[in-house]
Each structure stands twice: as C-alpha cells, then as structure tokens.
Amino acid sequence: MKKTIQIPLGSQHIALLEPIKFRFECENEKIIAVDSDVGFVHRGVERACATKFSFDSVPYVVARICGLCAITHSLASTMAIESLMEGEVSPKANYLRILLVELDRIHSHLLCLAHVSENAGYEAMFMRIMGDREPIMELLELITGNRVQFDYVCIGGVNRDIDSRIVATTQTTLNTLKSKIQEYIAEFSSNWSLALKYKNIGTLSLEDAYRYNAIGPLARATGLATDVRSSSKLLPYDEVGFKIVVGESGDIYARNMVRLQEILNSIEMCRNIVEGLPEGEILTPFKGKPQGKRLQDSKPLEES
Amino acid sequence: MGIKNALFNLFKKPQTLNYPLEALPRTPNYRGLIEYGEAECIYCLKCQKACPPEAIIFEPTQHPTANPKNKKSLEYTYNSLLCIYCGECVRACPKPNEALWQSDKKPSVQTAKTHQQKARD
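Read top to bottom, the protein sequences are chains A and B.
Mind the numbering: the first sequence is residues 309 to 612 in my numbering, read in order.
Mind the numbering: the second sequence is residues 2 to 122 in my numbering, read in order.
Below, the structure is given as structure tokens:
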C-alpha cells in the first residue's frame, strides 16, 4: 500500500504571489519530496527586445523584468552591448555602477531577511527590517530619481552624477544601517525563532550545490566560493574592498548569516566608493552600432 | 533586548506617512514630466529616435506651427502614460533646457490622452 499522499498546490493559489505549481509528496506531516513547475508566465521580453526595440532601448526594457533587481538586468545587458561596441567606460562611471549594484544588493538582502523572519513567525522583526530598508530605498531615489525602476545605467556610463549632498546622506545612512546590521547578526544567531528553528533546515550540501550549479548566497552558504563579482573582471570590484563571504553548513541559518555579512561588506564598499570617487566624465559616448558574432569567440568564465 | 524594543516602540512616532492627507516628500532629483518648448525646437527628431517606449512622436499635421524649422509640418505629441521618465530624450536633445527638459511636475492622469483617443477626437 502506498504510504505517502500527494498534495497539489497551484498553479493558481491564494497563497502564491505568482503562478507556480507544486506537487508535495507527504508522509503524514512531513514533506519528503516536491515537484515544481514554473513555466506559467511568458512575457515575451526576449522577442520584444529582438524585434520591437532598438539596441539602445533594450537595457530599459530588460530592467522591467524584475522590480527588485532592476539595476542588475539593465547593467548586464548594457555591458553586453558595450562589449560589442568600440569605446571605454570611464572609471568614475564604473564605480558609480558598483555603488548602485551594491545598494541594490543591500535592500534586496534586507527584504529577503525580512521575509525569512516573517516565515519563522517573527512579524515584529519583519517590520523592523522593512523599516530599516526604507532609508536605502530613499537613498536610491535620491541618486537615481526613482524608488524602483532606476534607469541609471546607459550605454557609455551612467545617467546621473552624485554631489556632496548625496555623499553626506549616503555616509550617514550607511553608518546607521551598519549598527542595525550588528544588532540583526546578534538576533539572527541567538534568537530562538530565527536561529535554532533554522539550523539544519533546508540543507543544501556542497556536492549538490556544485552539481546543480547553485549561485548566489545559496551556493556561498554551502561553502562553495562562487561569486560573479570575483570571477569576472568587468567591474573593478577588487579596488573597492570586495571580500567573498562563505558559509559552512548550507542551511537557512547559514544563508541568513551569509546575507548579513554580505550587507556589511557592501556597506564597506559603498563607503569606499563615495569617499574615493575619482573626478571625470560619467558618460562617454559610444558611436555606431554593435558588431555581431561576439558569441562565437566569447570564452566561459574562469573556474573559481 | 526584545522587551526594550517593544517598550521603545510604544512611544515612537510611526514610520509610515499619512499619505493622502500628507504630501509625499519629493526628492530634488525627481524624474517628472518631460516638457517641450516649441519655439526653440529645431525638429531634428533625435528625441523621437531615443525614446524607448515611443512616447514622443512627431506626427504630420495639417496646421503646422509658425516655427521656420518645421519644414515637414510635424506636430510634437507626448504621451505621459507611455513615458518611463528615463530622460533619454533630454540627453539626446541638441538644445536641452530650451527645447526639451525634465521638470519636477507630476503627469496629470485626467488630461493625458493616448494616440488612439486623439485620432478619434
């Protein structure tokens, strides 16, 4: 006789934010396997980029794939287009790009930590973290003019410069945030709901992370030292004080710790950037249209 | 730690804004409405080419303006509902701040008309 029961969830369900389908294999109260299907949303962004928009509009289109990581998509496509064209981005623009990416990482990690504590049943922590995330969003609005869709990166550099007032606001905001993060580290490592509940839960082993090509904090929490910031030399990350953060156990607790330590490292990098920003142009014009056939002679990223 | 925070929060001002009653603070770098100065425009159509969502379109018209640069009798139409306020048009403009600039005004939803509605009128 079959001992497990299957529980389907989705593709439309009131608890799901986006259409996704799960099939849980349950043994009494315990979930022993899960099957997922995520292919329910097709927005046709690739097709639209290939047919409807010219190459210099594509960064603005792909930025709208995701509201939380708006800068990463547009930065990746911009740098891909720039590598097909002749010209060089000024050092100042590169540093400003890192500044934006790292501020974006801070608020994205804070959002993730807030939801992790909410799912542990610690709603007060969710409120606190979201409240502390707000100054970062305001800082991003001050730099780019918009809270979510930054539209900051363009082919040849960045769209807006920062002045002394923004530098001062950045420093005070990051100083306040740093002390809060220290509190969070204490809370996430000693509080029962957050630390003990999450130890040995959702463990991903180092071998599995390597086999399934895990990336991001998920991979680094298992001890796999993979980070695009250190493996690619497209942005001068080694000049602004980037340190790779690696966890050990690969469970949710380790992921939280990796995220918190990465926020501290990002704060350090942002401070280094605003303090030592070089003089120069923020926008260098790129002439002409991108040359094709780049994909054929591109090399895979070196092993880290 | 937890008790201290809970007591502190009882006497703290709320972090949220009483939004419809209180106005939202606007940053000095606010990305607002794109505004157009017809008299200074040289009708190079660079803004139309730069605009990612095609919010700026120069349409042929029967009643062109008195601007001598307007040789093809075009009319500037701007759709604030399509606009993503990126500012590409202003950066492409050869006469920024005179012919085309980004103001700190908000678009008015009531008066914004789509191209289809304009064609119907």
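The beta-carbon is built from N, C-alpha and C at its ideal position, and this holds for glycine as well.
With which residues is residue i paired in a DSSP beta bridge?
{"i": "residue 344(A)", "result": "330(A)"}
{"i": "residue 314(A)", "result": "333(A)"}
{"i": "residue 61(B)", "result": "75(B)"}
{"i": "residue 97(B)", "result": "101(B)"}
{"i": "residue 22(B)", "result": "Answer is none; residue 22(B) lacks a bridge partner."}
{"i": "residue 338(A)", "result": "335(A)"}
{"i": "residue 591(A)", "result": "465(A)"}
Spell out whether any CB of chain A is found under 8 Å from the CB atom of residue i.
{"i": "residue 95(B)", "result": "no"}
{"i": "residue 108(B)", "result": "no"}
{"i": "residue 16(B)", "result": "yes"}
{"i": "residue 85(B)", "result": "yes"}
{"i": "residue 65(B)", "result": "no"}
In angstroms, rounded to a whole number, what distance separates the CA positions of residue i and residue j?
{"i": "residue 538(A)", "j": "residue 551(A)", "result": "9 Å"}
{"i": "residue 452(A)", "j": "residue 30(B)", "result": "7 Å"}
{"i": "residue 491(A)", "j": "residue 91(B)", "result": "45 Å"}
{"i": "residue 546(A)", "j": "residue 335(A)", "result": "49 Å"}
{"i": "residue 527(A)", "j": "residue 441(A)", "result": "24 Å"}
{"i": "residue 612(A)", "j": "residue 563(A)", "result": "Confidence in residue 612(A) is poor, its pLDDT being 40 and thus under 50, which makes the residue's placement too unreliable to answer from."}
{"i": "residue 333(A)", "j": "residue 9(B)", "result": "45 Å"}
{"i": "residue 80(B)", "j": "residue 57(B)", "result": "7 Å"}
{"i": "residue 487(A)", "j": "residue 5(B)", "result": "17 Å"}
{"i": "residue 429(A)", "j": "residue 501(A)", "result": "7 Å"}
{"i": "residue 329(A)", "j": "residue 381(A)", "result": "26 Å"}
{"i": "residue 610(A)", "j": "residue 543(A)", "result": "Model confidence at residue 610(A) stands at a pLDDT of 48, short of 50, so the residue's coordinates are unreliable and nothing is read from them."}
{"i": "residue 475(A)", "j": "residue 579(A)", "result": "9 Å"}
{"i": "residue 361(A)", "j": "residue 367(A)", "result": "10 Å"}
{"i": "residue 106(B)", "j": "residue 34(B)", "result": "5 Å"}
{"i": "residue 17(B)", "j": "residue 504(A)", "result": "32 Å"}
{"i": "residue 427(A)", "j": "residue 529(A)", "result": "19 Å"}
{"i": "residue 446(A)", "j": "residue 340(A)", "result": "43 Å"}
{"i": "residue 412(A)", "j": "residue 44(B)", "result": "39 Å"}
{"i": "residue 355(A)", "j": "residue 464(A)", "result": "25 Å"}
{"i": "residue 101(B)", "j": "residue 95(B)", "result": "9 Å"}
{"i": "residue 358(A)", "j": "residue 364(A)", "result": "12 Å"}
{"i": "residue 460(A)", "j": "residue 467(A)", "result": "5 Å"}
{"i": "residue 525(A)", "j": "residue 393(A)", "result": "33 Å"}
{"i": "residue 88(B)", "j": "residue 344(A)", "result": "41 Å"}
{"i": "residue 353(A)", "j": "residue 540(A)", "result": "26 Å"}
{"i": "residue 454(A)", "j": "residue 312(A)", "result": "50 Å"}
{"i": "residue 151(B)", "j": "residue 516(A)", "result": "For residue 151(B) there is no data in the structure shown, the boundaries of chain B being 2 and 122."}
{"i": "residue 560(A)", "j": "residue 511(A)", "result": "7 Å"}
{"i": "residue 496(A)", "j": "residue 565(A)", "result": "8 Å"}
Taking CB distances under 8 Å as the criterion, tell me whether residue i reaches chain B.
{"i": "residue 369(A)", "result": "yes"}
{"i": "residue 390(A)", "result": "no"}
{"i": "residue 442(A)", "result": "yes"}
{"i": "residue 449(A)", "result": "yes"}
{"i": "residue 612(A)", "result": "For residue 612(A), the predicted model reports a pLDDT of 40, less than 50, meaning its position is unreliable; a value from the coordinates is still stated below. Residue 612(A) does not count as touching chain B."}
{"i": "residue 454(A)", "result": "yes"}
{"i": "residue 439(A)", "result": "yes"}
{"i": "residue 598(A)", "result": "no"}
{"i": "residue 609(A)", "result": "In this prediction, residue 609(A) scores a pLDDT of 48, lower than 50, which makes its location untrustworthy; no coordinate-derived value is stated."}
May I ask you to check if the CB of residue i is nearer than 7 Å to at least one heavy atom of the ligand ATP?
{"i": "residue 393(A)", "result": "As for the ligand ATP, it is missing from this structure, which has no ligand bound."}
Point to revise | Minimum length 4: unbroken alpha helix (DSSP H) runs contained in the segment 417-496 of chain A | key: 431-452
Check your understanding: Using Cβ-Cβ distances below 7 Å, what residues of the segment 20-38 of chain B are close to chain A?
Key -> 28, 30, 31, 32
Practice item. Could you name each continuous alpha helix (DSSP H) segment of 4 residues or more that falls completely within the segment 514-577 of chain A, going from the start of the chain to the end? Key: 514-519, 524-528, 536-539
Practice item. Output, in sequence order along the chain, the residues in the segment 343-369 of chain A whose CB is closer than 9 Å to any CB in chain B. Key: 361, 362, 364, 365, 366, 367, 368, 369
**Study point:** Near-chain B residues of the segment 457-478 of chain A (beta-carbon distance less than 8 Å), N- to C-terminal order
**Key:** 457, 459, 462, 467, 468
Practice item. Output the residue ranges of the alpha helix (DSSP H) runs that lie fully inside the segment 33-62 of chain B and measure 4 residues or longer, sorted by chain position. Key: 47-51
Review point. What residues in the segment 37-62 of chain B have a beta carbon less than 7 Å from any beta carbon of chain A?
Key: 53
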